[in-house]
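Quick look at the structure:
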């Protein structure tokens with residue numbers, strides 16, 4: 185059962201080959217057996233899951249059920265779940281049972297999906313390796329000495345290890361696409377504003393976006409159809425119709441114009457990864473696509489720009505953790521300032537502290553223009569680069585990450601080296617565009633992801649482009665050994 | 002921009018973060034490296050470029066000025082570290 189796609193599982197549930205309870209038990213058993221080593225879950229919600237599965241079975245028996253009814257899913261522990269611990273990978277929220285459900289969780293509950301548990305992640309989604317989690321690193325199922333990527337590393341590892349058919353992630357600078365690439369799964373970051381951020385713990389509010397992480401574009405399309413849509417509780421949610429993402433998956437790619445940004449194939453890219461990406465592009469040519477070179481001249485400045493915008497917003501957002509209303513509180517505070525300082529000092533890990541401090545510095549008196557204003561101007565230039573490229577092409581392709589999964593501990597000493605893992609994904613967040621990572625091959629036994637970037641609200645086309653590739657290749661169907 | 006011990010202490014105070022004395026040199030080194038990365042932006046002349054605050058040029062949505070939220074004080078205070086009679090408790094502020 186654990187190898188089936190969501191569409192296959194839905195068909196099996198409808199044909200009464202197995203019940204949602206049986207399916208849920210089978211996956212819980214796998215999690216119990218395999219996740220001790222992987223550490224992809226922070227919380228396994230066994231009782232809650234079985235209760236939801238039984239309710240889904242009742243709905244299925246009644247004949248009323250959409251494509252996700254009875255399907256077990258893993259949720260990134262950044263989405264608030266009522267009554268269940270929502271830790272965001274932090275000691276700060278280790279004791280936090282959310283008083284309400286995130287919009288995304290409400291949508292999945294409404295669709296009858298089963299919540300298996302909450303997946304591990306970099307603390308407050310700040311990291312590219314899942315090593316900043318308070319709950320310890322996640323191991324990559326393809327090589328347990330390597331990282332799964334981050335920040336949605338637990339979701340990526342759980343899906344790759346077939347502990348869950350699919351999961352959710354969030355992506356502020358690559359946190360869905362980079363772990364998807366490093367774990368050999370399919371991940372999609374939607375257009376900014378497509379999926380509501382209500383109840384999704386905020387890191388950098390002008391960049392954060394939730395999206396699906398699955399084993400195929402088809403499964404991702406099913407998930408996105410449930411996640412996307414207007415929500416008045418998110419002030420930047422966009423009121424745009426949600427298409428049936430599964431309806432256009434099979435559309436012909438003849439005449440599709442693919443742009444390859446020359447800046448994404450230069451210095452810093454592993455030569456073997458480049459070969460894998462070139463082979464994937466060649467496959468698209470066989471499917472009838474045309475390939476042209478495009479230029480995104482400000483690409484190299486996306487990481488510097490991001491490390492002003494994201495920390496600035498993070499320092500504001502994380503000021504809410506003050507030891508007063510929820511979260512960690514220090515013992516015996518002397519006065520209010522001591523309460524704030526020690527609660528925050530004890531509750532946050534070093535990477536979160538670094539980013540809060542960078543953001544605080546960038547926003548402090550006298551530095552605003554040099555950092556934050558300058559970064560917002562850079563953001564305009566980076567966004568304009570994409571606008572010009574999309575006048576010529578339908579989608580942009582390139583590598584998701586400059587290399588394959590690196591070893592646990594390899595990049596933890598130097599934050600800047602770690603930041604450069606997101607060199608190809610960050611610009612997409614700054615521009616607010618949708619982007620995907622699709623398994624495209626292997627280098628020395630480790631998966632490589634092809635990144636596909638689309639124009640605003642072009643998620644249906646991204647899924648179509650990914651699906652057609654998955655019809656003629658089997659990279660996405662490969663599973664790690666022993667899984 | 003190179004940050005020293007005093008800079009780190011000042012920033013940590015502004016951010017209301019207690020950091021261990023022994024960790025300050027490492028913070029100073031790492032934060033300096035991050036600022037060096039960030040300052041690569043200065044290679045581009047951005048004079049006259051309109052700052053971009055939001056990826057899609059949309060106006061802030063407004064709503065009717067009506068009560069939409071119900072009282073959930075108990076639920077929200079259930080996860081608070083210290084409350085009494087519906088109030089959050091903090092150390093004494095006014096002498």
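Protein chains in written order, with the working numbering: chain A, 185 to 667; chain B, 2 to 96. Beta carbons: idealized from backbone N, C-alpha and C, even for Gly.
Could you check the C-alpha separation between residue 327 (chain A) and residue 630 (chain A) for me, to the nearest Å? A direct Cα-to-Cα measurement between residue 327 (chain A) and residue 630 (chain A) gives close to 8 Å.
Checking the sheet assignment: what are the DSSP bridge partners for residue 583 (chain A)? Residue 583 (chain A) is bridged to A:634.
Cut-off 6 Å between Cβ atoms - residues of its own chain near residue 499 (chain A), not counting five sequence neighbours on either side: Once the five neighbours on either side are set aside, the close Cβ partners of residue 499 (chain A) are 540, 543 and 544.
Endpoints, alpha helix (DSSP H) assigned at residue 601 (chain A): Taken as a continuous stretch (DSSP letters only), the alpha helix (DSSP H) holding residue 601 (chain A) covers 599-603.
On the premise that residue 517 (chain A) lies in contact with residue 80 (chain B), defined as a C-beta separation below 8 Å, what is that separation, rounded to the nearest angstrom? Not really, about 19 Å apart at Cβ, beyond 8 Å.
Mind reading off the beta-carbon distance from residue 393 (chain A) to residue 352 (chain A)? Whole number of angstroms is fine, and I expect it under 8 Å. Between residue 352 (chain A) and residue 393 (chain A) the Cβ distance is about 11 Å, and since that is not below 8 Å, they are no contact.
In whole angstroms, what separates the C-alpha of residue 85 (chain B) from that of residue 563 (chain A)? Taking the straight line from one Cα to the other gives about 47 Å.
Presumed contact (8 Å Cβ cut-off) between residue 56 (chain B) and residue 582 (chain A), rounded CB distance: The pair is not a contact, with the Cβ atoms about 20 Å apart (cut-off 8 Å).
Determine which residues of the segment 382-398 of chain A have a Cβ less than 7 Å from any Cβ of chain B, and write them out in chain order. Taking 7 Å as the Cβ-Cβ cut-off, the segment 382-398 of chain A approaches chain B at 390, given in chain order.
In chain order, what residues of the same chain lie with their CB nearer than 7 Å to the CB of residue 356 (chain A), ignoring the 5 residues before and after it? Answer for residue 356 (chain A): 309, 387, 388, 391, 392, 494 and 613, listed in chain order.
Straight-line CA distance for residue 65 (chain B) to residue 595 (chain A)? Spanning the two alpha carbons is a distance of roughly 50 Å.
Proximity winner among A:666, A:200 and A:298, relative to residue 228 (chain A) (alpha-carbon distances): With distances taken between Cα atoms, residue 228 (chain A) lies closest to A:298.
Please determine if the segment 416-435 of chain A and the segment 596-610 of chain A are in contact, where contact requires at least 3 C-beta pairs separated by less than 8 Å. In this structure the segment 416-435 of chain A does not lie against the segment 596-610 of chain A, because fewer than three pairs of beta carbons, one per stretch, are closer than 8 Å.
Please report whether the beta-carbon of residue 268 (chain A) lies at a distance below 9 Å from any beta-carbon of chain B. Residue 268 (chain A) does not count as touching chain B.
Residue 35 (chain B) versus residue 599 (chain A) - alpha carbon distance: Cα to Cα, the separation comes out at about 8 Å.
Nearest candidate by alpha-carbon position, reference residue 302 (chain A), set A:348, A:662 and A:508: Of A:348, A:662 and A:508, the residue nearest in Cα terms is A:348.
Reducing DSSP to helix, strand and coil, say where residue 378 (chain A) ends up. Coil, per DSSP.
Residues, ordered as in the chain, of the segment 465-490 of chain A that lie near chain B by beta-carbon distance below 8 Å: Correct list: 482, 484, 485, 487, 488 and 489.
If residue 432 (chain A) and residue 648 (chain A) are in contact, beta carbons under 8 Å, what's the gap, nearest whole angstrom? With 8 Å as the limit, residue 432 (chain A) and residue 648 (chain A) qualify as a contact, their Cβ atoms being about 5 Å apart.
Three-state secondary structure (DSSP) at residue 101 (chain B)? Only positions 2 to 96 of chain B appear in the structure, and residue 101 (chain B) is not among them; the question remains open.
Please list the residues of the segment 18-35 of chain B that have a C-beta atom closer than 9 Å to any C-beta atom in chain A, keeping them in chain order. Within the segment 18-35 of chain B, contact with chain A at the beta-carbon level (separation under 9 Å) is assigned to 18, 19, 20, 21, 24, 27, 28, 31, 32, 34 and 35.
Any C-beta of chain B sitting closer than 9 Å to the C-beta of residue 372 (chain A)? It does not; no Cβ of chain B falls within 9 Å.
Backbone CA spacing between residue 130 (chain A) and residue 221 (chain A) [nearest angstrom]: Residue coverage of chain A in this structure runs from 185 to 667, which leaves residue 130 (chain A) outside it and unanswerable.
Partners in chain B for residue 561 (chain A), counting only beta-carbon separations shorter than 7 Å: Scanning chain B for C-beta atoms nearer than 7 Å to the C-beta of residue 561 (chain A) yields 47, 50 and 52, reported in chain order.
Taking residue 53 (chain B) as part of the alpha helix (DSSP H), name the residues at either end of that continuous run. For residue 53 (chain B), no alpha helix (DSSP H) run applies, since DSSP gives it neither H nor E.
Would you identify the three-state DSSP class for residue 324 (chain A), choosing helix, strand or coil? Of the three classes helix, strand and coil, the one that applies to residue 324 (chain A) here is strand, per DSSP.
In chain order, which beta strand (DSSP E) runs of at least 3 residues are fully inside the segment 331-392 of chain A? As far as the segment 331-392 of chain A is concerned, its whole beta strand (DSSP E) runs of at least 3 residues are 350-354 and 370-373.
Using 9 Å as the threshold, is the C-beta distance between residue 580 (chain A) and residue 590 (chain A) below it? Contact flag unset, no.
Determine the chain A residues that contact residue 76 (chain B) at a beta-carbon separation under 7 Å, and present them in chain order. Counting only Cβ-Cβ distances below 7 Å, residue 76 (chain B) has contacts in chain A at 283, in chain order.
Let me make sure I understand the geometry here. Which of A:504, A:551, A:446 and A:550 has the alpha-carbon closest to that of residue 528 (chain A)? The candidate whose alpha carbon is nearest that of residue 528 (chain A) is A:504.
What does DSSP give as the partner residues of residue 225 (chain A) in its beta bridges? Under DSSP, residue 225 (chain A) forms a beta bridge with A:303.
Could you give the residue range of the beta strand (DSSP E) that holds residue 566 (chain A)? For residue 566 (chain A), there is no enclosing beta strand (DSSP E); the residue is part of the alpha helix (DSSP H) that begins and ends at 558-576.
Which residues in the same chain have their Cβ closer than 6 Å to the Cβ of residue 664 (chain A), if we skip the five residues on either side of it in sequence? Within the same chain, 325 and 326 come within 6 Å of residue 664 (chain A) by CB-CB distance, once the 5 residues on both sides are set aside.
Can you check whether the C-beta of residue 324 (chain A) is within less than 9 Å of a C-beta belonging to chain B? Chain B contact via Cβ: absent.
Does the contact criterion of 3 or more C-beta pairs under 8 Å hold for the segment 270-283 of chain A versus the segment 458-472 of chain A? Cβ pair count under 8 Å is below three, so no.
So which residues on chain B does residue 544 (chain A) lean against when the C-beta distance must stay under 7 Å? Those are 12, 15 and 16, listed as they occur along chain B.
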